[in-house]
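J.:
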Amino acid sequence: MEIKKQTNLRGVLTVPGDKSISHRAVMFGSLAQGDTRISHFLEGADCLSTISCFRKMGIDIKRNGEELLVHGKGLHGLRAPEGILDVGNSGTTTRLISGILSGQSFVSELTGDASIQSRPMKRIMTPLLSMGADIVSLKNNGCAPLRISGRPLHAIHYNSPVASAQVKSCVLLAGLYADGITSVTEPVLSRNHTELMLNYFGADVHSEGTTASIRPEPQLEARDIRVPGDISSAAYFIAAGLLTPDSEILLKNVGINPTRDGMLRVCRDMGADITLLNVNQEGEPTADLLIRTSSLHGVSIGGDIIPTLIDELPMIAVMAAFAEGTTVIKDAQELKVKESDRIQVMVDNLKRMGADIEATDDGMIIHGGRPLKGAQIDSFLDHRVAMSFAVAGTICDGPLSITGGDCVNISYPGFYQDLYCLGHA
Ligand code: S3P
6 MEIKKQTNLR
16 GVLTVPGDKS
26 ISHRAVMFGS
36 LAQGDTRISH
46 FLEGADCLST
56 ISCFRKMGID
66 IKRNGEELLV
76 HGKGLHGLRA
86 PEGILDVGNS
96 GTTTRLISGI
106 LSGQSFVSEL
116 TGDASIQSRP
126 MKRIMTPLLS
136 MGADIVSLKN
146 NGCAPLRISG
156 RPLHAIHYNS
166 PVASAQVKSC
176 VLLAGLYADG
186 ITSVTEPVLS
196 RNHTELMLNY
206 FGADVHSEGT
216 TASIRPEPQL
226 EARDIRVPGD
236 ISSAAYFIAA
246 GLLTPDSEIL
256 LKNVGINPTR
266 DGMLRVCRDM
276 GADITLLNVN
286 QEGEPTADLL
296 IRTSSLHGVS
306 IGGDIIPTLI
316 DELPMIAVMA
326 AFAEGTTVIK
336 DAQELKVKES
346 DRIQVMVDNL
356 KRMGADIEAT
366 DDGMIIHGGR
376 PLKGAQIDSF
386 LDHRVAMSFA
396 VAGTICDGPL
406 SITGGDCVNI
416 SYPGFYQDLY
426 CLGHA
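For this note's numbering, count along the sequence shown from 1 and bump the result up by 5.
1) Report the three-state DSSP secondary structure of GLY288 (helix, strand or coil).
2) Run the CB neighbour count on SER174, radius 10 Å, all protein chains shown included, and call it buried at 16 or more, exposed below.
3) Quick check on the DSSP output: what are the complete beta strand (DSSP E) runs of length 3 or more inside the region 337-404, in order along the chain?
4) Short check: CB of GLY260 to CB of GLU226, under 8 Å?
5) Within the present structure, is the beta-carbon of ARG347 separated from the nearest heavy atom of the ligand S3P by less than 7 Å?
6) When DSSP labels each residue in this structure, what does LEU256 get in the three-state scheme?
7) Out of PHE327, ALA245, ILE102, point me to the one whose CA is closest to MET32's CA.
8) Looking only at its own chain, which residues have a Cβ that is under 6 Å from the Cβ of VAL333, when we skip the five neighbours before and after it?
9) In terms of residues, what are the limits of the beta strand (DSSP E) holding HIS28?
10) According to DSSP, is ARG128 part of a helix, a strand, or is it coil?
11) Look at the alpha carbon of VAL210 and the alpha carbon of GLY409, and state the distance between them as a whole number of angstroms.
12) Is it buried or exposed, ARG389, if we count other Cβ atoms within 10 angstroms and call 16 or more buried?
13) Excluding the 5 residues flanking PHE385 on each side, which residues of the same chain have their C-beta closer than 6 Å to its C-beta?
14) Would PHE46 pass as a contact of SER27 if the rule is Cβ separation under 8 Å?
15) Kindly indicate the opening and closing residues of the alpha helix (DSSP H) around VAL271.
16) By DSSP, does ASN262 sit in helix, in strand, or in coil?
17) Who are the Cβ neighbours of LYS335 in its own chain at under 6 Å, not counting the five residues just before and after it?
18) Taking 8 Å as the cut-off, decide whether the C-beta atoms of LEU36 and MET62 are in contact.
19) Using 7 Å as the cut-off, classify the Cβ of ASP316 as near or not near the heavy atoms of the ligand S3P, replying yes or no.
20) What does the alpha-carbon distance come out to for the pair PHE206 and THR99?
21) Among ARG375, GLU48, LEU255, which has the Cα closest to the Cα of PRO418?
22) Could you name the residues that DSSP lists as bridge partners for ASN69?
23) Could you give the first and the last residue of the continuous alpha helix (DSSP H) run that contains HIS198?
24) Restricting to Cα atoms, I'd like to know which of GLU114, GLY96, GLY117, GLY108 is closest to ARG128.
25) I need the DSSP call for ARG100, collapsed to helix, strand or coil.
26) Helix, strand or coil for ASN13? Go by DSSP, reduced to three states.
27) Contact between the region 279-299 and the region 324-331: three or more CB pairs below 8 Å?
28) State the beta-bridge partners of GLU3 as determined by DSSP.
29) Quick check on the DSSP output: what are the complete beta strand (DSSP E) runs of length 3 or more inside the region 150-185, in order along the chain?
30) Since GLU114 sits in a beta bridge, which residues does DSSP pair it with?
31) So is the beta-carbon of HIS28 under 7 Å away from any non-hydrogen atom of the ligand S3P?
32) Going by C-alpha to C-alpha distance, which of ASN197, GLU71, PRO250, PRO86 sits closest to ILE64?
33) Taking one C-beta from the region 210-224 and one from the region 273-281 each time, how about it: are there three or more such pairs within less than 8 Å?
34) Is there a C-beta anywhere in chain C that falls below 8 Å from the one on ALA160?
35) What separation, rounded to the nearest whole angstrom, lies between the Cα atoms of GLU284 and LEU314?
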């Protein structure tokens, strides 16, 4: 993928639906009784993996015009899958579905691509095993492929060592099938889409501080869901609009849930001109974001804000390299276990562009403001790395090319077209 420099980005853009919310809408719709209609569903490869897993377990999911229609069969309506469940590249599918599968009355196996087979699954196996689940890492390395023999589960209180919505959601979903109230406490609050959406479907989830608890065996009722634009996808256009001279972009209907909006707060700290319009606080909050070219400076990022911008840190690292002054990112060791080791991959690739950046144990230190030049970038098949460098390529001098650039399809099919339709070479 070859990226060219652009100037004055202008226009209005609706980014694709939120990935986390799209996954959950299909999963919870499948477990609910009746028809769930989902609009602005993300047709990215990750969410298609979730659909294919639930289809294999007998759920009828189809397109109906602009909407996705899920014919849910209730909490106990899944059937044993024919063959292995393929989760592709999707950590969310793997971890959330494992919680659901643990409480079923059948045996299932799941696996995915090379990246998924190297990502840590002990973090979900530990709480699931203590609920009495039978979950095995088939290569005995704490990773997928996993075999799950569904069985009756016990309620637990789990003190999670990581702030991870995937771990929290996995335990809460297993808690749907447990024999009492299951709760999870995390060190810092992670995204709360599971809690909000399960309650919307009629479950009884209670949240207090960083603890969420769930009562078992609710009757989930089908609901209509409008998926907001994904702030993690908007992040690329927020950065492009701020960094490209003479730009003004309006991003329509972006999710601004406070457990996801850390990027906006960091951008403002960096000196960004971002205005929120048409704010709607009902359900999952949304707004239109007006982005104007700004001169940015370095900041310190760490602590409780990290889970609220974890997927945006690759883009923030690129922004920091273009900003004046030093940016320190800490408490972000989770970056090492994403689709790639995002600390190493961002540091290596930004160095190739001429940036002054170093990796630390839990983040990076970036001395911004050096002139950056085009380079050959390796995406390591990580969608967020590819998109962050595509934005860098529209700003830096000289051509930039990305190997494995097609991986943007994981979360943002049409990304390159959207980037180019706003710009003027
Ligand atoms: C997600 C949670 C986050 C995030 C991922 C999606 C989710 O992962 O990075 O892209 O939908 O719950 P962790 O829970 O591992 O932090």
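All C-beta atoms in this analysis are idealised placements derived from N, C-alpha and C, irrespective of residue type, glycine included.
Values in this document were obtained by computation on a predicted structure and should not be read as measured data.
T.: The structure says:
1) DSSP places GLY288 in coil when its eight states are reduced to three.
2) SER174 is buried by the Cβ-count criterion.
3) 361-365, 368-373, 381-383
4) Between GLY260 and GLU226, the CB-CB gap reaches or exceeds 8 Å.
5) no
6) strand
7) For MET32, the nearest C-alpha among the options comes from ILE102.
8) So the qualifying residues of the chain are SER305, ILE370.
9) First-last for HIS28: 24-36, but that is the alpha helix (DSSP H), not the beta strand (DSSP E).
10) helix
11) 41 Å
12) buried
13) SER345, VAL350
14) Judged by beta-carbon spacing, SER27 lies within the 8 Å limit of PHE46, meaning their Cβ atoms are closer than that value.
15) Segment 267-274, the alpha helix (DSSP H) holding VAL271.
16) coil
17) GLY307, ASP367, GLY368
18) Taking 8 Å as the Cβ cut-off, LEU36 and MET62 do not qualify as a contacting pair.
19) yes
20) 22 Å
21) The shortest Cα separation from PRO418 among ARG375, GLU48, LEU255 belongs to GLU48.
22) Answer by DSSP bridge pairing, in chain order: GLU72.
23) Unbroken alpha helix (DSSP H) run through HIS198: 198-205.
24) GLY96
25) It is helical.
26) Assignment of ASN13 by DSSP, reduced to helix, strand and coil, places it in the coil class.
27) no
28) Absent from the model: residue 3. The displayed extent of the chain is 6 to 430, so no value can be given.
29) Here the runs fully enclosed are 151-154, 162-164.
30) ARG152
31) yes
32) PRO86
33) no
34) Among the protein chains of the structure shown there is no chain C, as only one such chain exists.
35) A small correction: the amino acid at residue 284 is Val; Glu does not occupy that position in the sequence shown. One C-alpha to the other measures close to 20 Å.
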